[in-house]
Structures are given as C-alpha cells and as structure tokens.
Amino acid sequence: MKFKKALVTSLLACMLPAAVMAKDIQVGVSMALFDDNFLTILRTAMQKEMQKDNVKGQVEDAKGDVSQQLQQVQNFIGQGVDAIIVNPVDTNAVKPVMDAASKAGIPLVFVNRKPAGELTAKMAYVGSDSELAGRLQMEALAKAMNGKGNVAILMGDLANESTRDRTKGVEAVVAKYPGIKVVQKQTAKFTRNDAVDVVSNWMTAGDDIQAIASNNDEMAIGALQALGKNPNHILIAGVDGTPDALQMLKNGKMVATVFQDAKGQGEGAVQTALKLVNGEKVEKIINIPYQLITKDNMAQFENRNQK
C-alpha cells in the first residue's frame with residue numbers, strides 16, 4: 002500500500018504545472034533614473050530577460066536620489082525578493098545597499114555602474130570598462146584632428162565612476178599627442194539640456210575648441226544642438242551607441258560613438274542574479290566589451306540598443 006501511495010503521489014506531482022512545483026523567483030530592480038535614453042534601453046533589456054525566464058520583476062525609479070534607492074532596496078528585502086539588481090545613483094555611496102543585502106543574505110548584482118566598494122559573497126558587477134570607452138573615443142577624435150588641436154571634455158555626473166574613468170581614458174590618450182591639449186572640462190550631468198548650456202557658454206566665452214569628447218551620447222547631442230550649424234566644424238564623439246547618436250553619425254554630425262551593449266548588460270545582470278539565487282558561482286566582475294562605432298561600421302549596430 003505504501004508503494005501504491007508513493008506512486009500516486011509521484012504521478013500527481015508530474016501532472017502539476019512547473020509554476021506550481023517551483024517557487025516563483027522574484028527580483029527587485031532599482032534604476033538610478035528612468036529619464037535617460039541608455040538606461041531606458043538597459044531597463045527594457047532586463048525586463049525582457051526576466052519575462053523570458055518567467056521571473057517576477059519589480060523595477061523602481063530612484064530618480065537620482067541615493068536615499069530613495071536605499072529605501073527601495075530595503076523595501077525589496079522586506080518583500081522577501083530572491084535577488085536585487087541595482088543601477089547605482091552614486092557609485093561611491095553603495096555601502097548601505099551592500100550592507101543591507103548582505104545582512105539579509107540576498108544576492109546583489111550591480112549593473113552598468115561599477116560600485117566603489119569590495120564585492121563580497123553573493124555579489125557581482127555586470128558592466129563595461131569605462132576607461133576603455135574614453136580611450137576608444139579619444140583615439141577616434143585624435144585621428145580626425147590629425148593629432149593636433151584643442152579638445153573639451155563634457156563630463157557626466159561627478160558621483161559616477163563612468164564619468165571619472167571615461168574622462169581618465171580621454172586624458173590618457175591626449176597625453177600621447179603633444180599637439181593636443183584639453184582646454185575645457187565641465188560636467189553636464191549626462192543630460193542633453195545641461196550640455197546645451199555648457200557648450201553655449203564655451204562658445205559665448207570664445208573658447209578655441211576643435212573637438213569635444215563627451216562622456217555619453219546625450220551630452221554629445223546637446224553639444225551639437227548648442228553649436229547649431231557648427232560653422233567651426235567642431236568634432237564631436239560620444240559614448241553609448243544610442244539610436245539618436247547613430248543617426249548623427251549617419252548625417253556626418255558626429256565622428257564616433259562607443260557602443261555600450263545595453264542588451265548584454267541587462268541580460269547578463271538577470272542571468273547573474275539567477276545563478277546566485279541557485280547557489281552557482283559567478284565571476285565578481287562580468288565585463289561586457291565596448292566597441293568603437295564610426296560611419297564605416299555603423300550598419301552592424303543599427304538594430305542594437307533599441308528600446
């Protein structure tokens with residue numbers, strides 16, 4: 002009788018849907034902000050990947066507020082999520098987030114923006130080498146400048162590691178060219194509107210600028226808007242490879258952008274979170290390579306980084 006009972010139980014279990022048998026995995030995602038073209042593409046990529054993997058995802062907008070992001074993480078923990086993914090507002094202010102997740106024993110994955118803290122157990126970072134982006138961008142500009150002239154740097158949010166590292170990459174390449182000099186360096190907070198203001202001020206002040214290296218595409222486009230018809234033919238390069246930037250490349254208004262793989266980062270973050278939930282070992286740093294985009298090779302990137 003015991004054998005028959007066990008057999009019936011086993012058969013019933015086989016007939017039950019997988020969703021009933023297995024606990025639904027829940028992932029909480031806190032984005033630095035929704036109002037950003039690249040981060041929107043990244044967010045969409047994560048949502049699609051979670052949907053594909055039948056993961057319940059709750060995605061929140063921190064709206065550029067460190068305390069709000071921490072509150073979101075604490076709420077995720079209170080709700081009993083299985084993993085947390087964070088696109089940090091301030092990469093220097095992630096310790097409270099790390100401490101909260103670590104204390105709760107919940108896997109934590111940082112995406113796109115590398116945290117300035119040591120990743121401990123059940124933690125990982127999925128993103129790209131920001132310094133390389135700056136180097137690739139400036140090498141393209143240096144070539145277009147024939148190795149001489151003045152360059153200005155449009156910097157992103159100063160609380161962000163990508164701002165520091167991309168700028169560092171630009172300056173490292175400039176140092177190799179005796180004929181190139183950095184004459185301006187100012188933050189426009191990764192936004193198009195702020196870049197319009199900053200570049201307009203440079204032009205009003207009469208700064209002698211031959212090229213602008215922008216930490217992202219949004220600021221590069223803002224620079225182009227400020228320059229209008231660009232009578233001085235100032236060379237512009239960005240980072241991200243957004244659809245808007247590719248259109249500028251196509252129109253000959255930008256020299257280059259650097260492809261940052263939003264889909265690769267988004268899918269990688271979700272997959273890494275799931276592996277950590279399942280107790281699998283993962284690399285602490287998962288690098289998604291950057292690639293230089295120019296007018297010559299842009300066709301292969303046109304269908305990527307779509308919202």
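Under this note's numbering, think of the first position of the sequence shown as 2, with each following residue one higher. The beta carbon of each residue, even a glycine, is placed where N, CA and C say it ideally should be.
Opposing strand residues paired with residue 352 [DSSP bridges]: For the chain, the structure presents residues 2 to 308; residue 352 sits outside this window and is missing.
Ends of the beta strand (DSSP E) at residue 159? Taken as a continuous stretch (DSSP letters only), residue 159 belongs to no beta strand (DSSP E), as it is neither H nor E.
Chain B within 8 Å of residue 30, Cβ atoms only: Absent from the structure is chain B; it holds one protein chain and no more.
With distances taken between CB atoms, is the gap from residue 148 to residue 181 smaller than 8 Å? Contact flag set, yes.
Ignoring anything shorter than 4 residues or poking outside the region 175-211, list the alpha helix (DSSP H) runs there in chain order. With a minimum length of 4 residues, the continuous alpha helix (DSSP H) runs that stay inside the region 175-211 are 193-205.
DSSP on residue 43, reduced to helix/strand/coil? Helix at residue 43.
Measure the alpha-carbon distance for residue 229 versus residue 89 and round it to whole angstroms. Between the C-alpha atoms of residue 229 and residue 89 there is a straight-line separation of about 34 Å.
So, are the CB atoms of residue 294 and residue 253 less than 8 Å apart? No, the pair does not count as a contact, with Cβ atoms beyond the cut-off.
Cα separation between residue 191 and residue 42? Residue 191 and residue 42: Cα-Cα distance of roughly 15 Å.
Does the distance from the C-beta atom of residue 62 to that of residue 39 stay below 8 Å? No, Cβ-Cβ distance for residue 62 and residue 39 is not below 8 Å.
Return the chain-ordered ranges of every beta strand (DSSP E) run that is complete within the region 246-284 and spans a minimum of 3 residues. Runs found: 258-260.
Leaving out five residues before and five after residue 166 in sequence, what residues of the same chain have Cβ atoms less than 6 Å from its Cβ? Excluding sequence positions up to five before and after residue 166, its CB lies within less than 6 Å of the CB of 131 and 132, all in the same chain and listed in chain order.
At least 3 beta-carbon pairs within less than 8 Å: the region 53-72 vs the region 93-101: With the cut-off at 8 Å, the region 53-72 and the region 93-101 touch.
Would you kindly check if the distance between the Cβ of residue 151 and the Cβ of residue 213 is under 8 Å? Judged by beta-carbon spacing, residue 151 lies beyond the 8 Å limit of residue 213, meaning their Cβ atoms are not closer than that value.
Closest to residue 312 by C-alpha separation, out of 178, 71 and 50, would be which residue? Missing from the structure shown is residue 312; the chain here goes from 2 to 308 and no further.
Excluding sequence positions up to five away, which residues of its chain have a Cβ less than 8 Å from the Cβ of residue 255? Closer than 8 Å at Cβ, skipping near neighbours: 221, 225, 237, 238, 239, 246 and 249.
So, is residue 113 buried or exposed, given that buried needs 16 or more other C-beta atoms within 10 angstroms? Label assigned to residue 113: buried.
Would the beta-carbon of residue 197 fall within 8 Å of that of residue 187? Not a contact, by the Cβ cut-off of 8 Å.
Are the region 273-281 and the region 114-130 touching, with three or more C-beta to C-beta distances below 8 Å? Verdict: yes, contact present.
Reducing DSSP to helix, strand and coil, say where residue 142 ends up. In the three-state DSSP reduction, residue 142 falls in the helix class (H, G or I).
Extent of the continuous alpha helix (DSSP H) run through residue 79: Per DSSP, residue 79 is one residue of the alpha helix (DSSP H) stretching across 67-80.
Reduced DSSP category for residue 117 - H, G, I as helix; E, B as strand; rest coil: Judged by DSSP in its simplified three-state form, residue 117 adopts coil rather than helix or strand.
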